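The letter at position 261 of the sequence shown is residue 358 when you use our numbering, and the numbering goes up by one with no holes. Cβ coordinates follow ideal geometry from the N, Cα and C atoms, glycine included. Fair warning: this is a prediction, and the values are worked out from it, not measured in the lab.
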Amino acid sequence: SKKTKELPRSTFKPTSSVHYDKRTYSFKEGALSLYTLSGRIVLPMALGKPQKEYLRIGNPKEAQLVYRNKKWFFNLVFDIPDVPRSAPSGKILGVDLGENVVAATSSGKLYGGRQLRHKRDCAVAQRRRLQRKGTKSSQRKLKAISDKEARHIKHTNHSISKAIVQEAVESECFIIALENLTNIRDRIKATKRVRFRLHGWAWAQLQRFIVYKAHAAGLTVVFVNPAYTSTTCAECKQRGIRVKHRFVCKICGIQRHSDLNASLNISRIAASADAATGAVNHPHMEAALA
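Set out below in structure tokens:
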């Protein structure tokens, strides 16, 4: 008889992450109940206000127990239901993501400027120096720096997304228009130093944060094609000139910050789509509790 081929054996580290589904975890009075091989265990949870709101309005799905930096995290995915708007409104807040600033809105606000760019440049330079050394010590330092930068980016994205959603609420904009991020790094013409910055920023993460914060606030989020938004005048719709962070239109003479001009175009594109269809559709999105 033929020999049975031995199946590969899976190995797990003591700190390997553990996946859970809805049958193997539950929440009880501010505590987390987890199924283990030794029976269920109940653990206290440290929750912030946003996480409590997700538990209140969301439908918990799969989860992952993660051990990181000597701490345990329970990463939970929610289905966030769409919240009906209290009143219809045609006002749309356009948001442009780019190199000059992390985000610019059509109401005229800029998020993340020179100070943030300087900090990112310093991090890139420090990583380069450590990569050239190639020692075990430098690799440990490199990982620590990368982890710290990832936490900083996540914190910044949380702050910016919260401010943008709050801005939309205060401006009575019931729709937030974001750009389709496909090829964002390719379409932004940039020097080598700037390309390092672009590849080091979590653009999709920022948009996810905006989406689930917006839905929790009862706002609609749409995505538009950003083609030519940075080189088209938001006033006369003619092609203009973009020089670094300035946009100049030779037809109507308007001059403004290039990212603000792009955000106005994004808002206009979303408004035209709304008018053509009678409603703006927004995709189903998931929010992660982390």
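- Contact between L162 and F124 does not hold, since their C-beta atoms are separated by about 14 Å, which reaches or exceeds 8 Å.
- As the crow flies, the alpha-carbon of G209 is around 22 Å from that of A331.
- In the DSSP assignment, H252 falls within the unbroken alpha helix (DSSP H) covering 233-267.
- In the three-state scheme derived from DSSP, where H, G and I count as helix and E and B as strand, Q161 is classed as strand.
- Assigned with DSSP and collapsed to three states, K334 falls in coil, not helix or strand.
- With 16 or more neighbouring CB atoms inside 10 Å of its own CB, L361 falls in the buried class.
- Between G155 and F175, the alpha-carbon positions lie close to 6 Å from each other.
- Residue environment for A201: buried (at least 16 other C-beta atoms within 10 angstroms of its C-beta).
- Pairwise C-beta distances place the segment 269-276 in contact with the segment 189-199, as three or more of them are shorter than 8 Å.
- For the 8 Å CB-CB criterion, V345 and Q335 do not form a contact.
- Sixteen is the threshold: since fewer than 16 other Cβ atoms of the shown chains lie within 10 Å of the Cβ of L134, the residue is exposed.
- Only residues of its own chain outside the window of five on either side were considered, and among them L162 have a CB closer than 6 Å to the CB of V115, listed in chain order.
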